[in-house]
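S.K.: Handing you a structure now.
Protein chains in written order, with my numbering: chain A, 213 to 528; chain B, 218 to 531.
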């Protein structure tokens, strides 16, 4: 092992617990709390200062977001006068105005985004897990070479391929369809997830698939019946990150979706900025909040997987 | 293990195959390629094919309407003389070399504060992490544009102290700074990687240091930093590669034109304008390859320099 980054904990608790020095920390902490009175008072003051700093820093981090939420409920002329978070009245008109400010109601763009997101998630789940199974469990000619290439593609800037990809997709007539945004995912181009899943499958005991093989199962069956059900945490991580990235994706949508009928949420928001004068910040903020809501909800419910995914492979 | 360290150990594992492995080799080839099929098709059609195509296009003049016309090194010579491109390089370098160290510094600092058995860790972690999930969105870029606007949140706050703030976004000397700040604001992701790394440092090292009378600062320099260096390296490589490709924030904050007076004209924004604004696809391809070379060089420098400062415990 060349880094201290641990792999995702395998479903088998024995493997997951081994080699984790984290456990050493608990007794040390307990001993500290049993110290003398003077010591614990000093420790408490220190903790209090820490909490103070963290709350201040955290508040500063979150303040702009809270301010946007509050501003989206404020009358337009107040937004530019109120740096505070208190509200004297609730102005829901920003939401109703913003919802219908563009050619289509905002729900139309949310639906477009949802189609792209669902397509991308399915694509990534299917194609990445298949590739990961091959890399983690099968021996084949060129395995090391392909694996190396796969790792390299993680670091490849997409600008090198975007021009020819655009030419390719425009020649098949896919501009202003969702295909250019979904098809690459069906072809496992998000190599991050292949790597994440390879790491996860490596943590699943091999005895399980060997037992299945002795029972006469072939690779498709081992993959579908043994490996896939055990790698649900990795699949969940993939789902959540794909959701957030695709929902936020601006560049791809900007290039491929030029017809307002096909706009996803980010391009619709950008069109909103362009079409409205600076006087409608309220409704612009309202729709920005609406656009952030799905990501926020996914964050709320998927935190565990998000944190694990990040700590393991460094995906954002 | 991370993708980056995996890549550097890939070569080391070479060795003669055992007989059993050779046997397994033959048995699984067909199945493996079937499982790899989507990825292989993607590699050829979506990655390697387009890469070769873009290399070819970089030597041509191509506007999508007429067939590409071979112009040799013309595009690269044009790049040499293109003052806007040089400016966009400067903007991007400033963004990367100010933004990345700042962001990683803050990430490490907060991770250190959070690490030592503090109550409410999950809560703080969420608060600090949330911005990095939202930071890439158009909505947050719009928010940023307002916050640093002439009558925006920052200036409203300053006005309470009687200070008249500048128009941060409309002033060429501060516009880039506000985007750098947006980048620093999203320090949550590297912070979580640091936290995971700090967890892996055995507590006994610190206990031994305490017995020897080492101060907190000495412990940080002699234990924490060396033990964490692989993770700092990992974050550094990832963030540099990612930051060179930043686009959305600059696009939205500047209204798509890299203004004021090109002060937020990122390299990728200029590439977008050349390729998808003016349909100068040959030039855009040449720019893309130049970007790839820059990123490649910086990643290589990172890996070479790593030998001198990254400490491996094996």
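Backbone N, C-alpha and C define an ideal beta-carbon position, used for all residues, glycine too.
#1: Is the Cβ of residue 396(B) closer than 7 Å to any Cβ of chain A?
#2: Run through the DSSP bridge pairs and tell me what residue 287(B) is partnered with.
#3: Can you give the Cα-Cα distance for residue 225(A) and residue 434(A), rounded to whole angstroms?
#4: At least one CB of chain A closer than 7 Å to the CB of residue 487(B): is that the case?
#5: At 7 Å on the CB atoms, spell out the chain B contacts of residue 525(A), in chain order.
#6: Going by beta-carbon coordinates alone, are residue 484(A) and residue 466(A) separated by less than 7 Å?
#7: I'd like to know if residue 465(B) contacts chain C, where contact means its C-beta is closer than 7 Å to some C-beta of that chain.
#8: In chain A, what lies closer than 8 Å to residue 252(B) by C-beta?
#9: Would you say the beta carbon of residue 499(B) is closer than 6 Å to some non-hydrogen atom of the ligand MN?
#10: At which residues does the alpha helix (DSSP H) containing residue 486(A) begin and terminate?
#11: Measure from the C-beta of residue 508(B) to each C-beta in chain A and report whether the shortest distance is under 7 Å.
#12: Flag residue 517(A) as yes if its beta-carbon sits less than 7 Å from any beta-carbon of chain B, otherwise no.
#13: How about residue 456(A) and residue 507(A): are their beta carbons less than 7 Å apart?
#14: Give the residues of chain B in contact with residue 460(A), contact being defined as C-beta atoms less than 7 Å apart.
#15: Please report the Cβ distance between residue 523(A) and residue 413(B), rounded to the nearest whole angstrom; I am assuming they are in contact, meaning their Cβ atoms lie under 8 Å.
#16: Would you say residue 224(B) lies against chain A (beta-carbon separation less than 7 Å)?
#17: Can you tell me which of 246(B), 255(B), 345(B), 275(B) puts its alpha carbon nearest to the alpha carbon of residue 277(A)?
#18: Just the chain A side, please: which residues come within less than 9 Å of residue 245(B) by C-beta, in chain order?
#19: Quick one: what's got a C-beta closer than 7 Å to residue 428(A)'s C-beta in the same chain, skipping five residues either side?
#20: Could you tell me whether the segment 454–462 of chain B touches the segment 293–313 of chain B, where touching means 3 or more Cβ pairs closer than 8 Å?
#21: Does the beta carbon of residue 375(A) sit closer than 7 Å to a beta carbon anywhere in chain B?
#22: Am I right that residue 493(B) and residue 508(B) are in contact with their C-beta atoms under 8 Å? What's the rounded C-beta distance?
#23: Beta carbons nearer than 8 Å to chain B: which residues of the segment 259–278 of chain A have them?
#24: Just the Cα atoms here: how many angstroms apart are residue 372(A) and residue 363(A)?
#25: Using a cut-off of 7 Å between C-beta atoms, extract the partners of residue 341(B) located in chain A.
#26: In three-state terms, what does DSSP make of residue 497(B)?
#27: Verify whether the separation of the beta carbon atoms of residue 394(A) and residue 331(A) is less than 7 Å.
#28: Under a CB-based cut-off of 7 Å, is residue 521(A) close to chain B?
#29: Listed in chain order, which residues of the segment 492–503 of chain B have Cβ atoms closer than 8 Å to some Cβ of chain A?
#30: What would DSSP say about residue 455(A), mapped onto helix, strand or coil?
#31: Of all the residues that make up the segment 481–504 of chain A, which are near chain B by a beta-carbon distance shorter than 7 Å?
#32: Give the residues from the segment 436–459 of chain B that approach chain A closer than 9 Å (Cβ to any Cβ), ordered along the chain.
#33: Going by C-alpha to C-alpha distance, which of 247(B), 291(B), 341(B), 514(B) sits closest to residue 497(B)?
#34: With a Cβ-Cβ cutoff of 7 Å, do residue 356(B) and residue 407(B) count as a contact?
#35: Residues of chain B with CB under 9 Å from residue 363(A), in chain order?
#36: Between residue 371(A) and chain B, is the shortest Cβ-Cβ distance under 7 Å, so that the two count as touching?
M.R.: The relevant details are as follows:
#1: Reading the second chain from its first residue, position 179 is the one you call residue 396(B). It does not; no Cβ of chain A falls within 7 Å.
#2: Taking the second chain and counting its residues from 1, the one referred to as residue 287(B) is at position 70. DSSP links residue 287(B) through a beta bridge to 277(B).
#3: Walking along the first chain from the start, residue 225(A) turns up at place 13. Walking along the first chain from the start, residue 434(A) turns up at place 222. With a pLDDT of 37 at residue 225(A), under the threshold of 50, the modelled position of that residue is not reliable, and the figure given next carries that caveat. For residue 225(A) and residue 434(A), the gap between their C-alpha atoms comes out near 21 Å.
#4: Residue numbering aside, residue 487(B) sits at position 270 when the second chain is read from its first letter. By this cut-off, residue 487(B) is not an interface position.
#5: Residue numbering aside, residue 525(A) sits at position 313 when the first chain is read from its first letter. Near residue 525(A) (Cβ distances below 7 Å), the residues of chain B are 219, 220.
#6: Position 272 of the first chain, counted from the start, is the residue given in the question as residue 484(A). Position 254 of the first chain, counted from the start, is the residue given in the question as residue 466(A). No; because the gap between Cβ atoms is not below 7 Å, this pair is not in contact.
#7: Included in the structure are the protein chains A and B, with no chain C among them.
#8: Sequence index remark: in the second chain, residue 252(B) carries index 35 (1-based). Correct list: 342, 343, 345, 346, 350, 431, 435.
#9: Summarising the ligand content, the structure contains no ligands, and the ligand MN is consequently not present.
#10: Position 274 of the first chain, counted from the first residue, corresponds to residue 486(A). Counting along the chain, the alpha helix (DSSP H) containing residue 486(A) begins and ends at 477–487.
#11: Here residue 508(B) is taken as the residue at index 291 of the second chain, counted from 1. Yes, residue 508(B) lies at the interface with chain A (some Cβ there is under 7 Å from its Cβ).
#12: Taking the first chain and counting its residues from 1, the one referred to as residue 517(A) is at position 305. Output row for residue 517(A): interface = no.
#13: Reading the first chain from its first residue, position 244 is the one you call residue 456(A). Reading the first chain from its first residue, position 295 is the one you call residue 507(A). For the 7 Å CB-CB criterion, residue 456(A) and residue 507(A) form a contact.
#14: Looking up residue 460(A) in the first chain gives position 248. Annotation: Cβ neighbours of residue 460(A) in chain B (cutoff 7 Å, chain order): 353, 354.
#15: By 1-based counting over the first chain, the position of residue 523(A) is 311. By 1-based counting over the second chain, the position of residue 413(B) is 196. Confirmed, Cβ separation roughly 4 Å.
#16: Along the second chain, read from residue 1 onward, the residue named residue 224(B) stands at position 7. So yes, residue 224(B) belongs to the interface.
#17: Start at 1 with the first residue of the first chain, and residue 277(A) comes out as number 65. Residue 345(B) is the option with its Cα nearest to residue 277(A).
#18: Against the second chain, residue 245(B) aligns to sequence position 28. By Cβ distance, chain A contributes 346, 349, 350, 351, 352, 431.
#19: The residue given as residue 428(A) occupies position 216 in the first chain. Cβ within range, chain order: n/a, list empty.
#20: yes
#21: Taking the first chain and counting its residues from 1, the one referred to as residue 375(A) is at position 163. Taking Cβ atoms only, chain B reaches closer than 7 Å to residue 375(A), which makes this a yes.
#22: Mapped onto the second chain, residue 493(B) falls at position 276. Mapped onto the second chain, residue 508(B) falls at position 291. No, residue 493(B) and residue 508(B) are not in contact; Cβ-Cβ is about 15 Å, not under 8 Å.
#23: Cβ proximity to chain B below 8 Å picks out 259, 262, 263, 265, 266, 269, 270, 273, 274, 276, 277 from the segment 259–278 of chain A.
#24: In the first chain, counting from the first residue as 1, residue 372(A) sits at position 160. In the first chain, counting from the first residue as 1, residue 363(A) sits at position 151. Those two C-alpha atoms are separated by around 17 Å.
#25: Walking along the second chain from the start, residue 341(B) turns up at place 124. The contacting residues are 266, 270.
#26: Start at 1 with the first residue of the second chain, and residue 497(B) comes out as number 280. Here residue 497(B) sits in coil by DSSP.
#27: Start at 1 with the first residue of the first chain, and residue 394(A) comes out as number 182. Start at 1 with the first residue of the first chain, and residue 331(A) comes out as number 119. For residue 394(A) and residue 331(A), yes; Cβs fall inside 7 Å.
#28: Working through the first chain from its first residue, we reach residue 521(A) at position 309. No, no contact with chain B.
#29: 492, 493, 498, 501, 502
#30: As a position in the first chain, residue 455(A) is number 243, starting the count at 1. Residue 455(A): helix per DSSP, three-state reduction.
#31: The residues in question are 481, 482, 485, 493, 496, 500, 503, 504.
#32: Taking a C-beta cut-off of 9 Å against chain A, the contacting residues of the segment 436–459 of chain B are 444, 445, 447, 448, 450, 451, 452, 454, 455, 458, 459, listed in chain order.
#33: Counting from one through the second chain, the residue named residue 497(B) turns up at place 280. Considering only alpha carbons, the answer is 291(B).
#34: Counting from one through the second chain, the residue named residue 356(B) turns up at place 139. Counting from one through the second chain, the residue named residue 407(B) turns up at place 190. Not closer than 7 Å, so no.
#35: The residue labelled residue 363(A) in the question sits at position 151 within the first chain. Chain B residues near residue 363(A): 220, 221, 223, 224, 227.
#36: Position 159 of the first chain, counting from 1, holds the residue named residue 371(A). By this cut-off, residue 371(A) is an interface position.
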